[in-house]
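Number of protein chains: 2
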Amino acid sequence: MPAKPRRTERRSDALSKERIIAAAINILDTDGEGALTFRALATRLTTGSGAIYWHVANKDDLLAATTDHVIAKALTGAPVDAAPGDAIRAIALAVFDAIHARPWVGTQISREPWQSGTRRIFEGLGQQLQALGVPERAQFNSTSALVGYLLGLAAQYAAGARLVAQKTSRAGFLTDVVARWTQDEPDRYPFVQQIADELREHDDREQFRAGIDIILAGIAAIR
Amino acid sequence: MPAKPRRTERRSDALSKERIIAAAINILDTDGEGALTFRALATRLTTGSGAIYWHVANKDDLLAATTDHVIAKALTGAPVDAAPGDAIRAIALAVFDAIHARPWVGTQISREPWQSGTRRIFEGLGQQLQALGVPERAQFNSTSALVGYLLGLAAQYAAGARLVAQKTSRAGFLTDVVARWTQDEPDRYPFVQQIADELREHDDREQFRAGIDIILAGIAAIR
DNA sequence: ACCTGAACACCGTTCAAGT
DNA sequence: ACCTGAACACCGTTCAAGT
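Now the structure itself:
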């Protein structure tokens with residue numbers, strides 16, 4: 002016999018944390034970080050702005066939940082059967098690609114790194130480092146180095162994307178950074194001067210991968 | 002004969018970008034990131050909030066200038082005559098210590114990394130990597146790895162400090178993070194479970210230094 | 001139990017008006 | 001040239017009142 006509707010059963014149009022998260026992601030993807038307000042969210046969900054607080058503690062809670070959602074999904078695609086070194090690269094690149102697709106994830110994960118999204122990344126990388134044979138005493142620091150690097154790049158990428166949005170193109174943004182970094186006091190910044198062309202033309206994903214390889218080589222060397 | 006007062010000469014109580022930056026740093030150090038508003042700044046400078054805009058483009062500009070000021074000062078102490086490897090550690094630790102003393106610098110540098118503060122760090126580390134003998138084709142990626150790691154740790158440290166402020170102690174904050182990271186679904190996070198004690202008791206500065214050593218070892222190995 | 005929406009206590013930024 | 005401070009257009013969050 003069919004179960005009686007439980008108390009927790011809801012009309013399909015009832016509010017829920019899941020629906021709020023989905024709407025928030027939608028706004029962030031479509032209109033950017035500045036467009037996510039409780040008023041905009043309420044309008045999109047055709048409800049009152051106060052209603053959202055019944056399901057979500059505050060804006061930080063909402064952003065943590067949306068970020069965790071995206072990171073969890075990104076890590077789902079990462080392989081389990083690959084060699085540890087390849088698995089580490091795959092996990093790191095999966096996170097990188099998720100942030101590339103949604104720069105607001107980078108903003109959030111670097112603004113509030115002590116959240117569940119980081120826990121997932123930490124766990125995924127740590128397990129593979131173990132499988133790689135890194136001795137136990139070096140596992141915590143090695144994983145932290147990898148996670149720290151990843152967070153740093155996330156911050157750079159997210160900030161870059163915000164500036165690209167203003168300058169309309171990635172080339173324009175980098176040309177602008179290089180111009181600002183080389184115009185005043187060029188004598189004080191010979192190294193920046195020297196790598197200016199590379200900075201202007203580099204591929205973010207390739208550079209990210211190169212950094213991961215450096216850290217993996219360092220972990221192997223230190224062990 | 003004494004020079005005539007030039008047009009640019011000012012009464013000592015006149016506003017200037019320098020005075021605004023000093024007041025902003027004062028507020029940030031004393032009352033935290035949330036306390037820096039144009040109204041608070043105007044009160045401390047006994048002026049109108051609109052007056053600040055004559056010297057500073059907007060809040061982002063102000064924060065970039067304060068951060069650059071702190072980073073510049075931090076790098077002043079870094080040695081020039083040390084061996085390249087030691088100089089790199091010294092530069093990195095100087096930035097780390099500056100962020101330790103002023104977590105708001107970490108927030109700002111990870112939120113807006115494409116600013117002058119990062120340029121100084123990039124230049125300092127790049128020069129030493131050159132002196133270390135890293136081949137030219139590897140210099141850009143190597144420096145970026147180091148800078149990326151440093152920004153990531155800056156973000157972690159700043160976020161940690163914000164949470165410490167809420168929890169009143171660093172031990173309390175880390176205990177809280179560990180509790181949140183291990184309580185639900187412990188089976189899905191065996192690695193986090195395993196390093197929980199280390200996470201709770203680790204020394205940030207030592208871990209940061211360990212990460213720098215890993216990256217330096219990696220740079221040496223890859224070359 | 002859950003939702004409404006006005007109200008509160010803020011923000012950054014602008015700008016006419018002053019000196 | 002530089003400063004004043006009210007005004008504008010927002011925010012996140014709260015909460016009495018509804019269903």
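Heads up: the sequence lines are chains A and B, in that order. To convert a position in the first sequence, counted from 1, into this note's numbering, add 1. To convert a position in the second sequence, counted from 1, into this note's numbering, add 1. In this text, a Cβ means the ideal position worked out from N, Cα and C, and glycines have one as well.
Determine the burial state of residue i: buried for a count of at least 16 other Cβ atoms within 10 Å of its Cβ, exposed for fewer.
i	result
Gln128/A	buried
Trp55/B	exposed
Thr144/B	buried
Ala140/A	Residue 140/A is actually Gln in this sequence, not Ala. That one is buried.
Pro187/A	exposed
Val81/B	exposed
Glu234/A	Past the boundaries of the shown model lies residue 234/A; chain A is included only from 2 to 224, so the question cannot be answered.
Ala24/A	buried
Pro191/B	exposed
Ser111/B	buried
Arg138/A	exposed
Asp69/A	buried
Pro104/A	buried
Arg121/A	buried
Ala95/A	buried
Arg163/B	buried
Ala197/B	buried
Thr38/B	exposed
Glu207/A	exposed
Thr67/B	buried
Gly149/A	buried
Gly51/B	exposed
Thr119/B	buried
Gly35/B	exposed
Gly78/A	exposed
Pro114/A	buried
Thr108/A	buried
Arg189/B	exposed
Ala160/B	buried
In three-state terms, what does DSSP make of residue i?
i	result
Ala91/A	helix
Val57/A	coil
Pro80/A	coil
Gly49/A	coil
Gly33/A	coil
Leu42/A	helix
Ile196/A	coil
Leu16/A	coil
His1/B	Only positions 2 to 224 of chain B appear in the structure, and residue 1/B is not among them; the question remains open.
Arg224/B	coil
Arg11/A	The predicted model places Arg11/A with a pLDDT of 42, which falls under 50 and marks its position as unreliable; any figure quoted below should be read in that light. If DSSP states are grouped into helix, strand and coil, Arg11/A belongs with coil.
Asp214/B	helix
Asp188/A	helix
His101/B	helix
Asp205/B	helix
Round the Cβ separation of residue i and residue j to the nearest angstrom and send it over; I've been treating them as touching at under 8 Å.
i	j	result
Phe209/B	Phe97/B	5 Å
Gly219/B	Ala218/A	4 Å
Asn247/A	Gly212/B	The question about residue 247/A has no answer, for chain A in this structure spans 2 to 224.
Val71/B	Ala99/B	6 Å
Val57/B	Ile21/B	6 Å
Gly125/B	Ile92/B	5 Å
Val193/A	Trp182/A	5 Å
Asp205/A	Tyr158/A	6 Å
Quick one: which unbroken alpha helix (DSSP H) runs of 4-plus residues sit fully inside the segment 111-186 of chain B? Chain order, please.
117-132, 137-168 and 171-184
Using a Cβ cut-off of 7 Å, which residues of the segment 164-176 of chain B contact any Cβ in chain A, in chain order?
Leu164
Between the segment 201-222 of chain B and chain A, which residues of the former have a C-beta closer than 9 Å to a C-beta of the latter?
His203, Glu207, Gln208, Phe209, Ala211, Gly212, Ile213, Asp214, Ile215, Ile216, Leu217, Ala218, Gly219, Ile220, Ala221 and Ala222
Return the residues of the segment 94-109 of chain A that lie within a Cβ-Cβ distance of less than 7 Å from chain B, sorted by chain order.
none
Can you give me, in chain order, the residues of the segment 29-42 of chain B that have a beta carbon less than 9 Å from any beta carbon in chain A?
none
Along the segment 113-129 of chain B, where does the CB come closer than 7 Å to a CB of chain A? Name the residues.
Glu113, Pro114, Trp115, Arg120, Phe123, Glu124, Gly127 and Gln128
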